[in-house]
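Position one of the sequence shown corresponds to residue 1051 (the working numbering), numbered consecutively onward. Backbone N, C-alpha and C define an ideal beta-carbon position, used for all residues, glycine too. For reference, the structure discussed in these notes is given below.
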Amino acid sequence: MKNKQEIIREIHKLAKNITETNSEDAIIESARELYENSVLLKHLDDIHTPSLKTESKREEPLVIGENPVKPEPPKKDSIPKEPTIDLFSCEPILAEVSPEPIAEKPVVKEPKAVKNKSDESVGEKLQHKKITDLKASIGINEKFQFINELFDGNMKEYTVAVDQINSFPSLAEAQSYIANIEGVYKWLPDNQIAESFKELVKRRFA
């Protein structure tokens, strides 16, 4: 991955190209690369920013005097006497009460959500839609994932690989090229990011 100084120099170079060129395609390409380098520069700043450590406040122990005051026991005269109840003189006054029946609440069944087949078909069509330019179809977040996880952070190698795959006339040639890349960068069989990259390549030649 480029260091911070290299990215800054490239940003200045791209900005100069935008002001000097008259080609709309060149301006658009330089602006796109300028944005990507700016995002990468911010990504590097976030990685190297040290986390602030908070110091915990120490609580001072509560100081207790040498001669603690002992509570005085309550006086006998101050304790109120509890009234006595003669259980034999009280007549039962409670009548038998028959429990009232509890009405059961009716169970209301919630209607099941009906899946919209048209929504599913649209989503599936978008996932399998053919793409004409592999480089343009990869978003900025996907791009940095592919660079970091599949190309060991080497943006130049990633760009060369994508351009090469884009130039192949058939899916078989593209898959053969990807198999060589897998061996060089040692992609794991269960790497989900690698599977996403391969799926985009399939859509390129669909």
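In the same chain as Leu1238, and ignoring 5 residues on each side of it, the C-beta atoms closer than 8 Å to its own belong to Ala1244, in chain order.
For Ile1243, the enclosing alpha helix (DSSP H) has its first and last residue at 1242-1254. Contact between Leu1084 and Ile1061 holds, with the beta-carbon distance rounding to 6 Å and staying under 8 Å.
In this structure, the CA atom of Ile1077 is about 26 Å from the CA atom of Gln1195. In the three-state reduction of the DSSP assignment, Asp1095 falls in the helix class. The Cβ-Cβ distance between Asn1067 and Ser1088 does not fall below 7 Å. Ranking Asp1096, Asp1240, Lys1206, Ala1256 by CA distance to the CA of Gln1225 puts Ala1256 first.
Comparing C-alpha distances from Arg1254 to each of Lys1206, Gly1233, Asp1240, Glu1223 shows the shortest one belongs to Glu1223. For a cut-off of 8 Å, the C-beta gap from Tyr1208 to Ile1215 is around 11 Å, too long to register as a contact. Sixteen is the threshold: since fewer than 16 other Cβ atoms of the shown chains lie within 10 Å of the Cβ of Val1234, the residue is exposed. Pairing Leu1184 with Val1210 gives a Cβ-Cβ distance that is not under 7 Å. For Gly1233, the enclosing alpha helix (DSSP H) starts and ends at 1221-1235. Closest in alpha carbon position to Asp1095, among Asn1053, Asn1241, Ile1188, is Asn1053. Assigned with DSSP and collapsed to three states, Ser1187 falls in helix. Taking C-alpha positions only, Ile1097 is separated from Gly1203 by approximately 14 Å. In the DSSP annotation of this structure, the continuous segment of the alpha helix (DSSP H) that includes Asp1213 starts and ends at 1205-1217. By the beta-carbon neighbour count (other beta carbons within 10 angstroms, threshold 16), Ile1190 is exposed.
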